[in-house]
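Positions 107 to 472 (this note's numbering) are the ones given, in order, by the sequence shown.
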Amino acid sequence: QAAETFENLSLGRGRNVRNVVTIVNDQSQLIRVTLLETAGALSLGERRPRTGTYNLAMPAATSTAVTELAPRDFEGDAAQRTGMGGLEAADDITMLCAPDLMSAYQSGLIDLEGVQAVQTAMITHCERMGDRVAILDAPPGMKPQEIQNWRVNIANYDSSYAALYYPWIKVFDPVAGKSIAVPPSGHVAGIWARNDTTRGVHKAPANEVVGGAIDVEFQITRGEQDGLNPVGINCIRAFPGRGIRVWGARTLSSDPAWRYLNVRRLFNMVEKSIDNGTQWVVFEPNDFALWQRINRGVTAFLNTVWRSGALFGATPSEAFYVKCDDETNPPEARDLGMVTVEIGIAPVKPAEFVIFRISQWSPEEA
107 QAAETFENLS
117 LGRGRNVRNV
127 VTIVNDQSQL
137 IRVTLLETAG
147 ALSLGERRPR
157 TGTYNLAMPA
167 ATSTAVTELA
177 PRDFEGDAAQ
187 RTGMGGLEAA
197 DDITMLCAPD
207 LMSAYQSGLI
217 DLEGVQAVQT
227 AMITHCERMG
237 DRVAILDAPP
247 GMKPQEIQNW
257 RVNIANYDSS
267 YAALYYPWIK
277 VFDPVAGKSI
287 AVPPSGHVAG
297 IWARNDTTRG
307 VHKAPANEVV
317 GGAIDVEFQI
327 TRGEQDGLNP
337 VGINCIRAFP
347 GRGIRVWGAR
357 TLSSDPAWRY
367 LNVRRLFNMV
377 EKSIDNGTQW
387 VVFEPNDFAL
397 WQRINRGVTA
407 FLNTVWRSGA
417 LFGATPSEAF
427 YVKCDDETNP
437 PEARDLGMVT
447 VEIGIAPVKP
457 AEFVIFRISQ
467 WSPEEA
């Protein structure tokens with residue numbers, strides 16, 4: 107059975123040429139191709155294989171195969187643009203996930219303590235950058251009680267810049283011809299992106315269908331959900347007639363103000379947008395006229411955010427405030443070349459519980 111097929115390949119190069127090395131290495135999930143140098147001055151044409159069909163096999167394991175991964179391999183180096191360090195130079199990132207971390211764990215390349223170290227590094231990276239949130243996978247095979255214990259007593263993360271999802275989901279593997287369990291972070295990242303486009307970052311990315319999922323590793327009951335949700339474990343649940351859905355939108359923060367994922371991501375979006383939208387301020391005269399222009403520009407932007415339904419309040423004054431004046435910019439700050447604008451917003455928080463009050467009345471006796 108052919109796992110992958112690549113047609114009309116060539117050793118030639120050019121705009122319209124399907125070079126075998128380029129095509130296979132860009133598209134294959136199984137193999138890598140290297141063009142070997144030959145002894146002597148052979149031309150490219152002499153090195154071409156005869157026309158035909160060739161079966162490409164997986165290479166045999168060599169002594170250079172990776173036998174162990176350390177957290178620093180994932181952390182990388184900002185100067186060398188490797189690992190998470192390489193992402194520091196990217197400005198447009200809003201989420202960070204590492205589903206292959208769990209693949210390394212299952213392969214024995216890294217232990218559970220190493221997984222926790224990498225996840226801690228992911229959280230630290232997101233906190234330092236201030237514009238992205240980490241999507242963390244729960245370890246595989248843990249039952250609801252086990253994942254609750256792991257979350258509370260072992261991996262006791264505390265950050266609004268991270269969210270944890272459980273359990274793993276099952277998808278169909280066309281190569282193996284059967285369903286396999288995969289970490290949910292990749293699918294969750296897609297749900298976040300879809301939700302951002304259709305509703306906006308202010309809408310909690312929950313009660314959303316997990317596309318491509320055919321089952322979950324563990325069925326979560328309502329009672330188990332009630333124990334997992336308060337400790338920041340966002341469950342993925344299967345509902346009869348409604349499909350498999352993300353059923354939680356909490357961060358890993360112990361601070362009630364940053365409990366909800368959409369609140370953190372809304373603040374990230376607002377802060378990043380205002381920062382980008384006020385770059386024109388640099389080197390402008392730091393005076394009253396500049397402060398007025400900043401107030402007008404930021405107020406106009408937040409009005410748009412409020413009208414989109416992202417802020418709580420019947421009027422703009424209830425939803426946000428903007429202050430840029432001589433109080434936020436005293437002489438000593440101006441002498442340092444700084445201009446400061448103070449902004450407050452009232453985010454809309456998700457309704458996690460819908461409460462019904464039902465009463466039964468006996469008819470009055472005649």
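Using N, Cα and C, we set each Cβ at its ideal position, and we do this for glycine too. Note that the coordinates shown come from a computational prediction; the quantities given were computed from them, not determined experimentally.
Task: residue 350 and residue 319 closer than 7 Å at C-beta - done: Against the sequence shown, residue 350 aligns to sequence position 244. Against the sequence shown, residue 319 aligns to sequence position 213. Cβ atoms of residue 350 and residue 319: closer than 7 Å.
TODO: Taking only the alpha-carbon atoms, compute the straight-line gap between residue 121 and residue 267 and give it to the nearest angstrom.
DONE: Taking the first residue of the sequence shown as 1, we reach residue 121 at position 15. Taking the first residue of the sequence shown as 1, we reach residue 267 at position 161. If you take the alpha carbons of residue 121 and residue 267, they lie about 43 Å apart.
Task: Buried or exposed by the 16-neighbour rule on C-beta atoms within 10 Å, applied to residue 255 - done: Along the sequence shown, read from residue 1 onward, the residue named residue 255 stands at position 149. Exposed: under 16 other Cβ atoms inside 10 Å.
Task: Coarse secondary structure for residue 407, derived from DSSP in three states - done: Mapped onto the sequence shown, residue 407 falls at position 301. Of the three classes helix, strand and coil, the one that applies to residue 407 here is helix, per DSSP.
Task: residue 271, buried or exposed, once every other Cβ within 10 Å from all chains shown has been counted against 16 - done: Counting from one through the sequence shown, the residue named residue 271 turns up at place 165. With 16 or more Cβ atoms within 10 Å of its Cβ, residue 271 is classed as buried.
Open item on the list: I need the boundaries of the beta strand (DSSP E) containing residue 425, first residue and last residue.
Closed with: As a first step, residue 425 must be located in the sequence shown, where it is residue number 319. It is not in any beta strand (DSSP E) - residue 425 instead sits in the alpha helix (DSSP H) that spans 422 to 425.
Open item on the list: With distance defined between alpha-carbon atoms, name the residue in 344, 280, 352, 160 nearest to residue 112.
Closed with: Taking the sequence shown and counting its residues from 1, one reaches residue 112 at position 6. Selected option, being the one with the closest Cα: 160.
Open item on the list: Rounded to the nearest angstrom, what separates residue 433 and residue 413 at their Cα positions?
Closed with: For the purposes of this step, residue 433 is identified with residue 327 of the sequence shown, where counting begins at 1. For the purposes of this step, residue 413 is identified with residue 307 of the sequence shown, where counting begins at 1. Cα-Cα distance, rounded: 29 Å.
- [ ] Can you have a look at residue 261 and say buried or exposed, based on whether 16 or more other CB atoms are within 10 angstroms of its CB?
- [x] Sequence index remark: in the sequence shown, residue 261 carries index 155 (1-based). With 16 or more other Cβ atoms within 10 Å, it is buried.
Open item on the list: Taking the alpha carbon of residue 195 as the reference point, which residue from 108, 389, 231, 117 has its own alpha carbon closest?
Closed with: As a first step, residue 195 must be located in the sequence shown, where it is residue number 89. Of the listed residues, the one whose Cα sits closest to residue 195 is 231.
- [ ] If I'm right that residue 312 touches residue 352 with Cβ under 8 Å, what's the distance once you round it to whole angstroms?
- [x] One-based indexing of the sequence shown puts residue 312 at position 206. One-based indexing of the sequence shown puts residue 352 at position 246. Indeed, because the Cβ distance is near 5 Å, the residues count as touching under 8 Å.
Task: Close-in-space but distant-in-sequence residues of the same chain around residue 416 (CB under 8 Å, 5 per side omitted) - done: Position 310 of the sequence shown, counted from the first residue, corresponds to residue 416. Here the set comprises 306, 307, 308, 372, 453, 454.
TODO: Determine, using beta-carbon pairs with one atom in the region 321 to 339 and one in the region 198 to 209, whether at least three such pairs fall under 8 Å.
DONE: no
Open item on the list: DSSP has residue 202 in a bridge; who is on the other side?
Closed with: Locating residue 202 in the sequence shown gives position 96, where the first residue counts as 1. Answer is 240, bridged to residue 202.
Open item on the list: Taking its Cβ as the centre, do 16 or more other Cβ atoms sit within 10 Å of residue 136, making it buried, or is it exposed?
Closed with: As a working note, residue 136 is residue 30 in the sequence shown. Counting Cβ neighbours within 10 Å, residue 136 comes out exposed, since fewer than 16 surround it.
TODO: Under the assumption that residue 269 contacts residue 242 (Cβ atoms under 8 Å), give the Cβ distance between them as a whole number of angstroms.
DONE: Here the question's residue 269 lines up with position 163 in the sequence shown. Here the question's residue 242 lines up with position 136 in the sequence shown. Contact flag correct, Cβ pair sits at about 7 Å.
TODO: Kindly list the residues whose CB is nearer than 8 Å to the CB of residue 377, restricted to its own chain and excluding five residues on each side of it in sequence; keep chain order.
DONE: Here residue 377 refers to the residue found at position 271 when the sequence shown is read from its first residue. For residue 377, where only same-chain residues beyond five positions count, the Cβ hits under 8 Å are 236, 237.
Open item on the list: Short of 7 Å in beta carbon distance, which residues of its chain neighbour residue 310, apart from the five on each side in sequence? Order them along the chain.
Closed with: Stepping through the sequence shown from its first residue, residue 310 is reached at position 204. Answer for residue 310: 355, 366, 367, 368, 456, listed in chain order.
TODO: Could you check the C-alpha separation between residue 182 and residue 175 for me, to the nearest Å?
DONE: Residue 182 sits at position 76 when you count from the first residue of the sequence shown. Residue 175 sits at position 69 when you count from the first residue of the sequence shown. Cα to Cα, residue 182 sits roughly 12 Å from residue 175.
Task: residue 100 (DSSP reduced to helix, strand or coil) - done: With the chain covering 107 to 472 only, the question about residue 100 has no answer from this structure.
Task: Cβ neighbour criterion (16 or more within 10 Å) applied to residue 240 - done: Here residue 240 corresponds to residue number 134 of the sequence shown, with the count starting at 1. Classification for residue 240: buried.
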